[in-house]
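Asker: I'd like to ask some things about the structure below.
Chains as they are written, first to last, in the working numbering: chain A, -14 to 234; chain B, 19 to 336.
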C-alpha cells in the first residue's frame, strides 16, 4: 500500500481579525471560526492529486488536538482523504512533541511521503516538518511550490529567498508546502455526507509513548505596536518635499 | 557567560547581510562570546567578511565539498555535533535558517524559538505570532540550550569594524546520499537585494499586468531601490515569487518603502511593519494601506509615478 500521511492543524480561520485578550494570556478564540490551517489544506490537496495520478493508494490525515478537531478531520475526509487519525489532547503541543507523535504514526503507517504545511498560521513556528525529518532520519524538502515523483525519488521546487531551488530527495521523505503549490478544491455536499462514514480513529498520546511537555513557556501576549498616523500630501511636489525634509532622498 | 554558535548564511562569494543582523541579536544577550560558523567550500572570502563583523569572537570555517550547496540534512548533524559547547545556536530567520535550525534542534532534543524580534534575557524573547497580529514573550524553560532563528528586520547590522580570528576546522561533511540539490536559485543581478535594501519600491495588484509592472522597476532604478510585490501581484503573475513582501514572503525593514497600487492586506503590512518610512500611492483614498503609511498620496499611479520619476531625475541633475 503506497500511503501518504498528511498533517492537519486546526487554527483560527485566516479571515478572523486577531484580538489579544485584555489580560494578555492569549488571543480571543471563543466564538471564533476555526478551520484547517491553509498550508495543511494545500498539503492535503497535493496528496489527493498524487493519488489521483496513481502515485499513491491511500491518503491518511492526522491531527493532534482536542476531541472536537474531528470536525476539521471530517472536512479533510470530505475533501477526499481515505481515513483520519486524531491524537486527542487538550494540552498545547509544541512542535518537537508534535514531531515525536507524528514519528510514532509514521512508524505505524509506513507512508512513503509525509506532507505538512510549512507553518501553522497561529504560532507561525515553521518547525514541525523539519523536526520530524530529523527524528525520522529522512530527507526534508521545505517550502515546496512543485512536487514531482521521479522513480524512487521526489523532485521538489522550493521557494527560497533568492528565488526557486530544485532538490531531489529519496523516498520516504517529508515535504512542507508553500502557498503556490496548488489551489485546494472545494468540498461538495455529497462528499460531506460520504465523509461521515469514513474511518476516524482516536489515539491517546500516552499510548503512543509520548508525553508532551511545556519546554517553552508562553509568558505574555500583546497587540503589536501601532504606527503613528501619517500625513497626506496632495501632489508629487509635496511628496518630494516630504521625502527631502526627512532626508530620504 | 553566554556562548553563541551563529550559523552564517552566504552564497559562496559573499556573506548574506542577514548574518550581520543575527550578530546584533546575539550581542543583545549580553556577556557573550560569539562564534560564527561558516559551512561551504573555498571559504576564505566569506570567512574574512564574517571576521570583520564587530562583536564576533572567532570565525570557524567548515570547508568541505559536502557542505556546498548547503542542505539542512547535511549541515544539521555537523552543527548538532558542535552545539553542546554552546548556550545558544542562532541563525537568521531566512528560508536558509528556517529550513536548518528546527532540524538541528530536533537532533539535540531541544525546542526551537522562531523569529526572535527582541531579547529580554538570555532565555526570554519576543516573537511575532498570527502573522504579526500579536507579539508573544516566550521563555525557554525546560531545555539545556536555546536554539533560535532571528527575525533580521528587527535588528541593525553589526558594523564591519571587527577583526576576529579565523580557524579552519577540518571537519568533513556527514555522508548523506538521500538529498541532492539539482539547481540553485540565481540571485538577481544589478539590483539591490530586497531583504537588505535601504530603499524598496513595491507594486500591488493595481499594476494590472507584468508589462505595466515595469513602472515599479523604473521608479526603483531612479532611486537605486530593490523591487518588491504584493502576494496578489505575484499570484497574478506580474512579478516573480522571490519579490513577494509579506508574512508569507519576505519581511523587510528598509529606510524607505514606496507602495504603489496596494490595498494594504494585513499579511502584506506584516512584512513592512519595521520599515522606517512608508509611502503609499493609490487611487482609492479609503484603502487600508493609508492607515499604515507615513506619507500618503491619493491618485492614479500611472500618472503620478512618471511625474515622481521626472521630479527625482531633475533633482538628481540639479
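C-beta atoms are modelled at their ideal positions from N, C-alpha and C, and glycine is treated no differently.
Within 10 angstroms of the Cβ of residue 135 of chain B, are there 16 or more other Cβ atoms? Answer buried if so, exposed if not.
Answerer: Flag for residue 135 of chain B reads buried.
Asker: With which residues is residue 286 of chain B paired in a DSSP beta bridge?
Answerer: DSSP output for residue 286 of chain B lists no bridge partner at all.
Asker: Since residue 204 of chain A and residue 156 of chain B are thought to touch, with beta carbons under 8 Å apart, how far apart are those beta carbons, to the nearest angstrom?
Answerer: Between residue 156 of chain B and residue 204 of chain A the Cβ distance is about 7 Å, and since that is below 8 Å, they are a contact.
Asker: Cβ atoms of residue 322 of chain B and residue -4 of chain A: under 8 Å apart, would you say?
Answerer: Not in contact: residue -4 of chain A and residue 322 of chain B (Cβ atoms no closer than 8 Å).
Asker: Leaving out the 5 sequence neighbours to the left and right, which residues in its chain are closer than 8 Å to residue 309 of chain B when beta-carbon positions are compared?
Answerer: Hits under 8 Å: 282.
Asker: Under 8 Å between beta-carbons, which chain A residues line up against residue 129 of chain B? List them in chain order, please.
Answerer: Those within 8 Å of residue 129 of chain B in chain A are 79, 80, 81, 200, 201.
Asker: Going by other Cβ atoms of all chains shown within 10 Å of its Cβ, with 16 needed for buried, is residue 55 of chain B buried or exposed?
Answerer: Residue 55 of chain B should be labelled buried.
Asker: Which chain A residues are close to residue 325 of chain B, counting only those with a beta carbon under 7 Å from its beta carbon?
Answerer: Within chain A, the residues near residue 325 of chain B are 221.
Asker: Can you give, in chain order, each stretch of the beta strand (DSSP E) that sits fully within the segment 59 to 85 of chain A and has at least 3 residues?
Answerer: If we require 3 residues or more, the beta strand (DSSP E) runs fully inside the segment 59 to 85 of chain A come out as 68 to 73.
Asker: So, does the CB of residue 300 of chain B fall closer than 8 Å to a CB anywhere in chain A?
Answerer: By this cut-off, residue 300 of chain B is not an interface position.
Asker: For residue 142 of chain A, is the classification buried or exposed, using 16 other Cβ atoms within 10 angstroms of its Cβ as the cut-off for buried?
Answerer: So residue 142 of chain A counts as buried.
Asker: Whose CA, out of B:126, B:175, B:70, lies closest to the CA of residue 184 of chain B?
Answerer: Per the Cα distances, B:70.
Asker: What does residue 22 of chain A touch in chain B if you count any residue whose Cβ is under 8 Å from its own?
Answerer: The premise fails here: residue 22 of chain A is roughly 12 Å from chain B at the closest Cβ pair, so nothing lies under 8 Å.
Asker: What residue does the beta strand (DSSP E) around residue 132 of chain B start on, and which one ends it?
Answerer: Note, residue 132 of chain B: beta strand (DSSP E), 130 to 134.
Asker: Let's see if you can read the secondary structure: which residues bound the beta strand (DSSP E) around residue 162 of chain B?
Answerer: That residue, residue 162 of chain B, is in no beta strand (DSSP E); it is neither H nor E in DSSP.
Asker: Any beta-carbon of chain A closer than 8 Å to the one on residue 291 of chain B?
Answerer: It does; some Cβ of chain A falls within 8 Å.
Asker: Exposed or buried, what is residue 141 of chain B when buried is set at 16 or more other beta-carbons lying within 10 Å of its beta-carbon?
Answerer: With 16 or more other Cβ atoms within 10 Å, it is buried.
Asker: Given a cut-off of 8 Å on the beta-carbon distance, is the pair residue 175 of chain B and residue 42 of chain B in contact?
Answerer: For residue 175 of chain B and residue 42 of chain B, yes; Cβs fall inside 8 Å.
Asker: Check the Cβ of residue 144 of chain A against every Cβ in chain B and list those closer than 8 Å, keeping chain order.
Answerer: Simply 113, 259, 260.
Asker: Can you tell me which of the three DSSP states residue 275 of chain B falls into?
Answerer: Residue state, collapsed to three classes: strand.
Asker: What span of residues does the beta strand (DSSP E) with residue 155 of chain A cover, start to end?
Answerer: Counting along the chain, the beta strand (DSSP E) containing residue 155 of chain A begins and ends at 148 to 155.
Asker: In the DSSP assignment, find the alpha helix (DSSP H) that holds residue 211 of chain A and state where it starts and stops.
Answerer: Premise fails: residue 211 of chain A is in no alpha helix (DSSP H) and is neither H nor E.
Asker: Which residues, in order along the segment 191 to 202 of chain B, keep a beta-carbon less than 7 Å from a beta-carbon of chain A?
Answerer: From the segment 191 to 202 of chain B, only 196, 197, 198, 199, 200, 201, 202 have a Cβ closer than 7 Å to chain A.
Asker: If distances are taken between C-alpha atoms only, which option among B:260, B:191, B:179 comes closest to residue 79 of chain B?
Answerer: Of the listed residues, the one whose Cα sits closest to residue 79 of chain B is B:191.
Asker: Just tell me which of A:93, A:99, A:108 has its CA closest to the CA of residue 130 of chain B.
Answerer: If we check each option's Cα against that of residue 130 of chain B, A:108 comes out closest.
Asker: Would residue 101 of chain A pass as a contact of residue -8 of chain A if the rule is Cβ separation under 8 Å?
Answerer: It is a contact, given that the beta carbons lie within the stated cut-off.
Asker: Using a Cβ cut-off of 7 Å, pull out every chain A residue sitting near residue 117 of chain B, in sequence order please.
Answerer: Correct list: 115, 127.
Asker: In the DSSP assignment, the alpha helix (DSSP H) including residue 34 of chain A goes from what residue to what residue?
Answerer: First-last of the alpha helix (DSSP H) with residue 34 of chain A: 23 to 37.
Asker: What residues are listed by DSSP as bridge partners for residue 146 of chain B?
Answerer: Answer is B:153, bridged to residue 146 of chain B.
Asker: Start and end of the beta strand (DSSP E) containing residue 110 of chain B?
Answerer: That run of the beta strand (DSSP E) goes 106 to 110.
Asker: Out of A:58, A:214, A:55, A:83, point me to the one whose CA is closest to residue 196 of chain A's CA.
Answerer: The residue with the shortest Cα to Cα distance from residue 196 of chain A is A:83.
Asker: Would the segment 91 to 105 of chain B and the segment 31 to 46 of chain A be scored as touching if the rule is three or more Cβ pairs under 8 Å?
Answerer: Contact fails: fewer than three Cβ-Cβ distances are below 8 Å.
Asker: Quick check on residue 227 of chain A: buried or exposed, where buried means 16 or more other Cβ atoms within 10 Å of its Cβ?
Answerer: By the 10 Å Cβ count, residue 227 of chain A comes out buried.
Asker: Does residue 148 of chain B pass the burial test, meaning 16 or more other C-beta atoms within 10 Å, or should it be called exposed?
Answerer: Classification for residue 148 of chain B: buried.
Asker: Please report the straight-line C-alpha distance between residue 172 of chain B and residue 202 of chain B, rounded to a whole angstrom.
Answerer: Cα to Cα, residue 172 of chain B sits roughly 28 Å from residue 202 of chain B.
Asker: Starting from the C-beta of residue 20 of chain A, find all residues in its chain whose C-beta is less than 6 Å away, skip the five residues before and the five after it, and write them out in chain order.
Answerer: The residues are -2.
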